[in-house]
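Step one of this worksheet: look at the structure below.
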Amino acid sequence: MKGHHKNDLLNQQTTEQTPDAYDLDLTRDTNDTPVVVASPDVVVSPLVGRLNRVFRRGVDRLNRVFRRGVDRRGDARLRRVVDDPDSGRYDRDGNYCSSRSTTDIASFFNIIAMNSNDISKLLRTKPHQYVVKDYVSKNATSSCWSTFGVPAEVINEQDKEFKIIEGFTSCKKCFATFVFCSGSKETGTKNLSDHKCSTKDINQPTLHEVVEKKIVASPHRDELIDSIATWCATRIRPFQCVEDPGFIIVSQMLLDIGSRYGRSLVGKVKAENLLPCANTIKRRIQSLAEITRAEVSARLVAAGGRGELAFSSDLWADRYKKQTYLGMTAIFIENSAIHNIDLCCREFLYSKKSAANVSKSIDAVLNEFNVQQYRKSAFFIIDRGSNLKAALLPNQIIYCTTHRIHSILRDTFSVNKLDLLTTIDRRILKDII
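In this text, residue positions in the sequence shown follow the working numbering: the first is 115, and each later residue adds one.
Below you can see the structure in the form of structure tokens.
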């Protein structure tokens with residue numbers, strides 16, 4: 115009975131000492147600082163009491179953090195803040211900051227969790243609230259400070275009142291943000307100078323450029339000249355081929371590949387294994403042509419929808435083979451600028467250059483670029499050829515003035531016409547010239 119009575123007494127004591135809920139209350143101390151305390155009506159067991167003491171130590175630590183603010187390098191750098199008796203907040207220099215209370219724990223942790231990515235996003239998405247100000251300091255001697263500044267929050271734009279976000283620097287062009295601490299070797303200006311938007315001194319050569327000049331001046335260049343000279347002489351190639359921009363691009367690509375792979379474990383990289391064959395080049399040109407045609411088609415369709423599209427077409431014949439060719443050019447306005455793109459220069463597939471055949475050829479070209487629907491609304495610039503004029507009617511036609519002037523001058527000063535001139539006509543023409 116004694117044992118049972120002892121157990122019943124212990125159960126009764128435990129039941130009385132274990133609360134149904136552990137109530138907490140958020141109060142303030144004499145300095146108007148938030149303090150978390152347990153409800154005074156709660157009677158706790160020894161285990162809960164121990165947990166309460168641990169919790170109170172954590173709460174005391176939070177209160178000290180709230181009281182003195184946070185000062186840390188890295189993603190959070192806040193000014194030390196003291197509480198004024200009038201519940202206003204001032205910084206360490208005595209300048210008034212804000213009347214907002216420090217009891218907003220959620221906003222406090224949002225501030226200290228801010229990093230460089232968050233600041234970059236704010237600068238890009240909220241340009242009226244966050245800006246990049248010039249970094250003014252006697253130590254700001256690096257050229258990178260013409261591109262970089264310090265991020266700031268706009269407090270009052272009319273009064274030019276800004277709140278600097280300390281511990282960071284941001285690019286004025288792309289808003290990329292870096293951790294920066296003036297005078298620190300770990301967060302100096304090296305990363306800022308290496309940034310893509312930083313201005314560089316064009317008169318100062320880089321180490322890579324100096325090495326490049328030494329490599330070009332090496333004796334191996336003479337071997338390259340001999341190889342090119344032999345190629346031009348044996349394959350009857352023009353000497354100017356070495357100055358062709360395309361040849362220079364290909365040569366630079368080969369040099370880049372060679373510098374990347376160099377002498378691999380299996381030996382040298384052979385040119386035969388690197389250079390493509392003729393069929394590969396043919397297929398690649400066709401593939402690139404399809405991609406480019408699709409891009410041009412999209413631009414022409416957009417210009418046609420705006421009513422800013424015109425075409426120029428002409429027919430001419432080869433002097434020797436007497437083969438007729440059709441050429442077409444698209445003229446359109448894009449971004450307030452005039453663009454000209456050659457759509458085709460192809461053989462005229464019909465034996466007769468009648469108006470119907472010319473119209474079919476023009477329709478075929480327009481269909482390739484998906485602009486057939488704009489044939490009636492677009493202007494066509496042509497010469498006064500009867501077949502072109504009949505093929506395009508009733509479209510809007512503009513006669514080419516330049517072609518007209520060329521025809522007049524050609525007929526006027528041709529040798530056959532000059533033979534028919536009289537002596538008086540020759541004297542008049544000589545005086546004019």
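Beta carbons are placed, not taken as given, at the ideal position from N, Cα and C, and that holds for glycine.
Check                                                                                                                             : Outcome
Spatial neighbours of Ile278 in its chain, beta-carbon cut-off 6 Å, leaving aside the 5 residues before and after                 : Val264, Ala266
Buried or exposed (CB count within 10 angstroms, at least 16 for buried), Ile542                                                  : exposed
For Ser411 and Ala417, the rounded distance between their alpha carbons                                                           : 10 Å
Backbone secondary structure at Leu388 - three-state DSSP                                                                         : helix
The segment 228–239 touching the segment 273–289, judged by at least three CB pairs closer than 8 Å                               : yes
Expected contact under 8 Å - CB spacing of Ile476 and Ser427 to nearest Å                                                         : 6 Å
Host alpha helix (DSSP H) of Ala478 (start-end)                                                                                   : 469–482
Nearest neighbour of Gln272, chosen from Lys286, Gln243, Leu423 [CA to CA]                                                        : Gln243
Between the CA atoms of Asp308 and Ser257 - distance to the nearest angstrom                                                      : 11 Å
Whole-angstrom distance between Thr348 and Glu337, CA atom to CA atom                                                             : 17 Å
Touching by the beta-carbon criterion (3+ pairs, under 8 Å), the segment 430–444 and the segment 498–518                          : no
Boundaries (first-last residue) of the alpha helix (DSSP H) holding Ala347                                                        : 334–348
Beta carbon of Leu368 nearer than 9 Å to that of Ala343                                                                           : no
Coarse secondary structure for Asp174, derived from DSSP in three states                                                          : helix
Contact check, Val245 vs Phe276, beta carbons under 9 Å                                                                           : yes
Whole-angstrom C-beta distance between Met442 and Val479, which should lie under 8 Å                                              : 5 Å
CA-to-CA distance, Leu423 to Gln486, given in whole angstroms                                                                     : 12 Å
9 Å Cβ cutoff met for Arg489 and His517                                                                                           : no
DSSP three-state assignment for Thr283, whether helix, strand or coil                                                             : strand
Beta-bridge partners of Pro265, as assigned by DSSP                                                                               : Val246
Environment of Leu414 [buried if 16+ CB atoms lie within 10 Å]                                                                    : buried
Contacts around Ile495, its chain only, beta-carbon distance under 6 Å, and the 5 residues preceding and following it disregarded : Ser426, Ile512, Cys514
Leu502 burial status per 10 Å Cβ neighbour count (16 or more: buried)                                                             : buried
Spatial distance of Gln366 from Tyr464 (CA atoms)                                                                                 : 45 Å
Residue(s) in a DSSP beta bridge with Val293                                                                                      : Phe282
Beta strand (DSSP E) segment containing Thr438, residue limits                                                                    : 438–448
Per-residue burial, Thr261 [other beta carbons within 10 Å of its own, 16 or more giving buried]                                  : buried
Whole-Å CB distance - Lys467 paired with Leu523, under 8 Å assumed                                                                : In fact, because the Cβ distance is near 25 Å, the residues do not count as touching under 8 Å.
Gln510 vs Phe493 beta-carbon contact at 9 Å                                                                                       : yes
C-alpha gap between Lys474 and Arg407, whole angstroms                                                                            : 20 Å
Ser312 versus Ile363 - alpha carbon distance                                                                                      : 27 Å
Under the three-state DSSP convention, the category Leu236 falls into                                                             : helix
Assigned secondary structure, His453 (DSSP; H/G/I helix, E/B strand, else coil)                                                   : strand
Buried/exposed call for Phe353, threshold 16 Cβ in 10 Å                                                                           : exposed
Rounded C-alpha distance that separates Gly419 from Ala444                                                                        : 14 Å
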